[in-house]
Amino acid sequence: MLIEEFEEEIKKKKKKKRIFFLLIAIILIGFTILIMYNHFLKENVIVQNKDIEAKEELVIFYPGEGLKLTKTTLKIQKDRQEKTKIDLALKALKELKAIPEGLTLYEFAIDERGIVYTNFSKHLIEETKEPEREITVVFSIVNTFLANMPNARAVQFLIEGQPIYTLNGIIYTYNPIFYNERLLED
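Just so we're aligned, residue 56 is where the sequence shown starts under the numbering used here, counting upward by one.
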């Protein structure tokens, strides 16, 4: 009888231990889920706030009908560096067929007078043979750059690091070129 009571006592203790460990496991799992849920909520709130507050417009000018330029805007993340904005603008201009696909902007700089010096690859000359194409390419670049660079007043073209008088005989590019409103669609 003593042995039976002892065995029953051991079974009760084992059962209590199992229940105790099961409760601890449930509490730990619940606590872990709560922490993960709160962390997930915080991340979503931050991302949503960034998406709402951190957007600005990138203005792009591309050829429309005839010699007119059409204006469009892209939403981009706010506070991007000027280099990133210009790279995005050039990518958009290529997608819109406003500038030659193979065109590369090696570098650009803006001086204290607001002149943007752009150093393009020779594709700018090679792929703008027609007069209309030369006009729309030059002013797509000029108007896009000046619309997106607040301190810029004019664009100076360099090809492979050298100033040129004209791309193909239509526009005089040896001096800086200013924004051209007359080419914009009404």
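Even glycine gets a Cβ: it sits at the ideal position worked out from N, Cα and C.
This one's a predicted model, so the numbers in the text were calculated from it and none came from an experiment.
Going by alpha carbons, who is nearest to residue i out of the options?
i	options	result
Val210	Pro186, Ala164, Lys184	Ala164
Leu158	Glu167, Glu150, Leu143, Lys177	Lys177
Lys133	Tyr161, Leu143, Thr127, Leu124	Leu143
Gly216	Tyr229, Gly224, Gly121, Arg208	Tyr229
Asn174	Asn206, Glu62, Leu213	Leu213
Ile219	Arg208, Ile232, Ala207	Ile232
Val193	Lys123, Pro205, Ile58	Lys123
Glu187	Phe75, Gly119, Ile81	Gly119
Gln136	Ile225, Glu62, Pro205, Asn235	Pro205
Glu150	Gly169, Thr127, Ile79	Thr127
Glu236	Lys146, Ala202, Lys66, Glu167	Ala202
Val197	Ala153, Asn93, Glu167	Ala153
Could you pull out every residue in the same chain whose Cβ sits closer than 7 Å to the Cβ of residue i, ignoring the five residues on either side in sequence?
i	result
Val102	Because the pLDDT of Val102 is 48, which lies under 50, any placement of that residue in the model is unreliable, and the question is left without a value.
Asn223	Ile180, Thr183, Lys184, Glu189
Give me, in chain order, the residues of the same chain whose beta-carbon lies closer than 6 Å to that of residue i; leave out the 5 immediate sequence neighbours on both sides.
i	result
Glu182	Pro155
Thr199	Ile115, Phe116, Ala144
Val100	The predicted position of Val100 is uncertain, since its pLDDT is 48 and thus under 50; no value can be drawn from it.
Tyr172	Ala164, Gln211
Arg208	Gly169
Ile88	none
Thr191	Pro118
Using DSSP's beta-bridge definition, name the partner residues of residue i.
i	result
Ile190	Ile190 pairs with nothing; no bridge assigned.
Glu162	Asn174
Gln211	Tyr172
Leu239	Leu124
Phe233	Ala209
What whole-angstrom Cβ distance do residue i and residue j have, given they're in contact under 8 Å?
i	j	result
Leu113	Ile84	Not quite, the Cβ-Cβ distance comes to about 48 Å (not below 8 Å), so this is no contact.
Ser195	Leu148	6 Å
Glu240	Thr139	With a Cβ gap of about 28 Å, Glu240 and Thr139 do not count as contacting.
If you drop the 5 nearest sequence neighbours on each side, which residues of the same chain put their C-beta closer than 8 Å to that of residue i?
i	result
Lys110	Lys130, Ile131, Gln132, Lys133
Asp166	Tyr172
Ile81	none
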